[in-house]
Amino acid sequence: MYPNQISPRRRGMRVLYGCLVAFAIAIWLLPLLAVLLTSLRSLAEINAGEFWTWPKRLAFVNYVDVFRQTGMARYLLNSLIITVPAVIGAITLATLAGFALAKYRFRGDRLLLALFIGGNFVPYQILMVPVRDFSLHLGLYNTFWALILFHTAFQTGFAVFFTRNFIAELPDELIEAARLDGISEWAIFRHIVLPLTRPAIAALAVLLFTFVWNDYFWALVLVQSSGVKPVTTALQALLGQFIAAWQLVSAAALIAAMPPMVMFFAMQRHFIAGLTLGATKG
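Our numbering numbers the first residue of the sequence shown as 15 and each following residue consecutively.
This is how it looks when you write it as structure tokens:
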């Protein structure tokens, strides 16, 4: 089930493995390095075609100019207004549904789980027209609620599958003992299930935050006003507005990538624990 470990006696394989990992990391980070260098250049260097050399003078002022000359602060706030409620809503629904599907047996429970899982395989492009028409019908088009409700609904399927698998690993005897003591189902969920699945919920929160924050397609479909646009579609607008000022566009792109990174490092311990829970034998 798990990959075989590299034998410590096979030094050549270990060296080859280390070289391949270093090469993969370099290829992965190369575009990010290019964006970082561009964000620290002056406009004169960019116009001179200097892209891969080290900047003659580190222009940190580009990061200040992004906020001075654009509405980046507003766009970041818009993304937070959309992302945080959507993540909280999806996790709340997923933990409740995951508990029911993991610890209760009722007619159609497997079918219901299959529907949650199957929704993840539907290409979201084919939902563009009906979702847009539905948001117009409800009067939610071009509002924060259009994106909040859509992301909550769309991410819940994956989140239910994720939380259900973790809750299913909890000992049934623990829950049965609580029921024998007369504890209500809500109290069992709140005081037993949630604390034990906290690492999984933390890992899920990081994943969902990244998914929703980086969304571009639905932000383009469901909103148009600059007062509602999240930072992803705003970056495209900046690209059209400052088509020659690549240093500002690059700085804005790195600023937009910071919140998911901060979220990951702030919850790194819980994230790793959640992903590896149950991966080792006790």
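The beta-carbon is built from N, C-alpha and C at its ideal position, and this holds for glycine as well.
Do residue i and residue j have their C-beta atoms closer together than 8 Å?
| i | j | result |
| --- | --- | --- |
| Val235 | Leu252 | no |
| Phe120 | Phe175 | no |
| Gly171 | Asn228 | no |
| Leu222 | Ile105 | yes |
| Val237 | Ala160 | yes |
| Thr177 | Leu218 | yes |
| Met86 | Val78 | no |
| Ile60 | Gln261 | yes |
| Phe113 | Phe203 | yes |
| Leu194 | Ile206 | no |
| Leu249 | Ala267 | yes |
| Phe225 | Gln139 | no |
| Leu115 | Leu107 | no |
| Met297 | Ala216 | The structure shown has nothing for residue 297, since the chain only spans 15 to 296. |
| Pro385 | Leu94 | This structure leaves residue 385 out entirely; the chain is present only between 15 and 296. |
Use the C-beta contact count for residue i: other C-beta atoms within 10 angstroms, 16 or more gives buried, fewer gives exposed.
| i | result |
| --- | --- |
| Trp200 | exposed |
| Met272 | exposed |
| Thr67 | exposed |
| His165 | buried |
| Ser53 | buried |
| Leu44 | exposed |
| Leu34 | exposed |
| Trp232 | buried |
| Leu150 | exposed |
| Arg71 | exposed |
| Gln239 | Residue identity check: residue 239 is Ser in the sequence provided, not Gln. Classification of Ser239: exposed, given that the 10 Å Cβ count is below 16. |
| Pro244 | buried |
| Ile269 | buried |
| Ala62 | exposed |
| Arg55 | buried |
| Gly292 | Unreliable placement is indicated for Gly292, whose pLDDT of 47 sits below 50; no coordinate value is reported for it. |
| Leu91 | exposed |
Which residue marks the beginning of the alpha helix (DSSP H) containing residue i, and which one marks its end?
| i | result |
| --- | --- |
| Phe176 | 158 to 182 |
| Met281 | Here Met281 belongs to no alpha helix (DSSP H), and DSSP marks it neither H nor E. |
| Ser240 | Per DSSP, Ser240 belongs to no alpha helix (DSSP H) and is neither H nor E. |
| Val207 | Val207 -> no alpha helix (DSSP H), and no H or E assigned at all. |
| Ile215 | 212 to 227 |
According to DSSP, simplified to helix, strand and coil, what is residue i?
| i | result |
| --- | --- |
| Pro185 | coil |
| Gly153 | coil |
| Met15 | Bear in mind that a pLDDT of 44 at Met15, under 50, signals an unreliable position, so the number given afterwards is only what the model happens to contain. In the structure shown, Met15 sits in coil (DSSP, three-state: anything other than H, G, I, E or B). |
| Gly196 | coil |
| Gly133 | helix |
| Tyr31 | helix |
| Ala259 | coil |
| Tyr230 | coil |
| Val276 | helix |
| Arg146 | helix |
| Arg24 | coil |
| Gly292 | Summary for Gly292: the model assigns pLDDT 47, below 50, so the residue's position carries little reliability; its value from the coordinates is reported in the next sentence. Gly292 falls in the coil class under three-state DSSP. |
Please indicate yes or no: does the CB of residue i lie closer than 7 Å to some heavy atom of the ligand FMN?
| i | result |
| --- | --- |
| Thr224 | What this structure holds is no ligand at all, so the ligand FMN is not there to describe. |
Original post:
Of all the alpha helix (DSSP H) runs that stay within the bounds of the stretch 44 to 124, which reach a length of 4 or more residues?
Top reply: 57 to 61, 75 to 83, 86 to 117
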